[in-house]
Amino acid sequence: MVTTVLTLLAVLACIVLMVVWRVHTNGEWALWWHDNYLERIRDFLSGTTRPMRILHYVQRSAKCGDVLSVISAIDSFCSKVEWAMNVGDKKGEILDAVVLETRPRYVLELGTYCGYSTMRIARLLPPGARLITIEMNSHYAQVAKELFQHAGLDAQDKSAEKRPAGPTCKVELLLGSSSVLIPQLKKKLDIDKFDLVFIDHWKVSYLPDTRLLEECGLLKSGSVLLADNVTCPGAPDYLEYVRNSPRYRSQYFPSQLEYLQVEDGVEKSVFLG
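Here is the structure:
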């Protein structure tokens, strides 16, 4: 009897170790574990959502009005407390470098989530630059606005019909589907072309939204598209398009999935016209 119990415990321990190893080394397992298992359990036990837990952590630990403190607090939460789908610190450095190299005046972000990458971009923009970020989930958008406020960013909710004018309007949040909002951007926001587009929403939307940006004339020669998670979970149709189209010059930057030891990367594509 004792031998049977010990054998079962040893088998169980091996299974647990195998799962832990797969979660830390395999992208599909990692996303399933963190997004479809742990998140739901924590939501049930806490009665809150992951974005709200991020917000509460930031409000407790980050200095109000200090965007770098807020970014650091989110990194700390996601690496030590609970994983979340931000671009993360390692790929965030690639994003920072592209923003500094591009020096954009007009930036479009597809997929706000809690606003982590929005804040990374916004802190590097010059006065008068405009960052438009699109999020279709109203809960995510509300949390992002509260985090922007804590970070001291001048964010405007673009679900309103009239946009307050002024050179300090740096972050503009649009609530809705990217496929619906992209055709409205020129008229709605009085923007002709974007210098930089950061793509980090639904992976199946990467290619259709890129084509939509082209069709709507929102890209100019030299516009930079930076796409996250092109390896994990992956966007193969998008990569095939930008890497083989004569309209783009593309470069892949290898990295790791946010806060994990899993291979991922970002694709930088320069629109040639």
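Using our numbering, you'd call the opening residue of the sequence shown number 110 and step up by one each time.
Every residue, glycine too, gets a C-beta built ideally from N, C-alpha and C.
Keep in mind the model is a prediction, meaning the values are calculated, not measured.
Residues near residue i in its chain [Cβ-Cβ closer than 8 Å; skip 5 each side]
i	result
LYS295	ASP301, CYS325, GLY326, LEU327
LEU316	ALA344, ASP346, TYR347, TYR350
Buried/exposed call for residue i, threshold 16 Cβ in 10 Å
i	result
ASP337	buried
ALA260	buried
ARG162	buried
LEU369	buried
ARG358	exposed
CYS187	buried
LEU209	exposed
SER378	buried
PRO273	Here PRO273 scores only 39 on pLDDT, less than 50, and its place in the model is too uncertain to base an answer on.
GLU137	exposed
VAL313	exposed
ASN195	buried
Beta-carbon contacts of residue i that lie in its chain and below 7 Å, excluding the five residues immediately before and after
i	result
ALA250	THR221, GLU244, LEU282, LEU284
PHE303	TYR215, VAL216, LEU217, LEU327, LEU328, SER332
LEU256	LEU164, VAL167, VAL179, CYS223, GLY224
Reference residue i, options the options, closest by Cα
i	options	result
SER330	LEU381, ALA253, THR157	LEU381
ALA253	PRO345, CYS223, LEU316	CYS223
SER286	LYS172, LEU366, TRP311	TRP311
VAL190	LEU204, THR211, GLU148	GLU148
ASP175	MET194, MET228, GLU202	MET228
THR242	PRO236, LEU219, MET194, GLN258	LEU219
ILE291	ARG320, SER354, PRO213	ARG320
TYR361	PRO355, SER354, LEU335, GLU367	LEU335
ASN246	ASN353, ILE150, PRO160	PRO160
LYS383	THR211, ARG212, SER185	Past the edges of the chain, shown from 110 to 382, lies residue 383, and the structure says nothing about it.
PRO236	HIS248, GLN258, SER354, ARG212	ARG212
GLY201	LYS279, ARG232, LEU322	ARG232
Residue i - containing alpha helix (DSSP H), residue span
i	result
ALA260	247–260
LEU177	176–185
GLN360	Looking at the DSSP string, GLN360 is not in any alpha helix (DSSP H); the run it does join, the beta strand (DSSP E), is 357–365.
HIS290	Strictly speaking, residue 290 in this sequence is Leu, with His absent from that position. Looking at the DSSP string, the run of the alpha helix (DSSP H) that includes LEU290 is 287–290.
Endpoints, the beta strand (DSSP E) within which residue i is located
i	result
PHE303	303–308
GLU218	215–219
ALA206	It is not in any beta strand (DSSP E) - ALA206 instead sits in the alpha helix (DSSP H) that spans 197–211.
Same chain, Cβ closer than 6 Å to residue i, neighbours up to 5 away in sequence not counted
i	result
ARG239	TYR215
Check: residue i C-beta below 7 Å from any heavy atom of the ligand NAD
i	result
ILE230	Inclusion of the ligand NAD in the displayed structure is not the case, the ligand content being empty and no account of it being possible.
At a cut of 8 Å, does the stretch 341–358 reach the stretch 368–379 through at least three beta carbon pairs? yes
Cβ pair count under 8 Å reaching 3, the stretch 149–157 against the stretch 172–187: no
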